[in-house]
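Novice: According to numbering that gives the first Met the number 0, the sequence shown holds residues 0 to 124 in order.
Yeah, the Cβ is synthetic: ideal placement off N, Cα and C, and Gly gets one too.
I have a structure here, written as structure tokens, and I will follow up with some questions on it.
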Amino acid sequence: MSFKIGSIVGAIAILLNSGAAIAQDAQRYVTVGHDKLGNDIALDTRTIEGTRYKLYGIYGDGIFETTFDASCTESRLFLNRIVIYGSQGQLLQEDDEKGEIPFVADSSPGKGMQFVCEKIGARGW
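In structure tokens:
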């Protein structure tokens, strides 16, 4: 399992650092924003389940994975989980604190929510 996560972390890190990817990964990861250093924050389109989605970004030598739930018709957004992985895919930190966060249309989570809600045909904002 560590090898699989490690290779996923590596692939995502390369994608986010370089801004370039092979065609299938370019379709899988949609850039929804940037961090303070200019690194991409990407929505993983393959992990969308209903209105649950994940965003990835660079964190030190590894990546962070943040899981959100959207309430499209109410324009409400809920944080479910934050996980930080090291460069070899090792779990460094996990936070399962859940709760509603403000929906900000121009933020990375907000843009991810808009993508997901449009995909299922439920817009509320």
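Would GLY49 pass as a contact of LEU78 if the rule is Cβ separation under 8 Å?
Specialist: no
Novice: Do VAL115 and ILE40 have their C-beta atoms closer together than 8 Å?
Specialist: No. Outside cutoff.
Novice: Is VAL103 helix, strand or coil by DSSP?
Specialist: VAL103: coil per DSSP, three-state reduction.
Novice: Helix, strand or coil: which one does DSSP assign to THR98?
Specialist: Checking the sequence, you will find Gly at residue 98 rather than Thr. Of the three classes helix, strand and coil, the one that applies to GLY98 here is strand, per DSSP.
Novice: Could you check the C-alpha separation between ILE21 and ARG27 for me, to the nearest Å?
Specialist: Confidence is the limiting factor: at ILE21 the pLDDT is only 42, short of 50, which leaves the residue's position unreliable and the question unanswerable from this model.
Novice: Do the stretch 83 to 90 and the stretch 65 to 75 make contact, defined as three or more Cβ pairs closer than 8 Å?
Specialist: With the cut-off at 8 Å, the stretch 83 to 90 and the stretch 65 to 75 do not touch.
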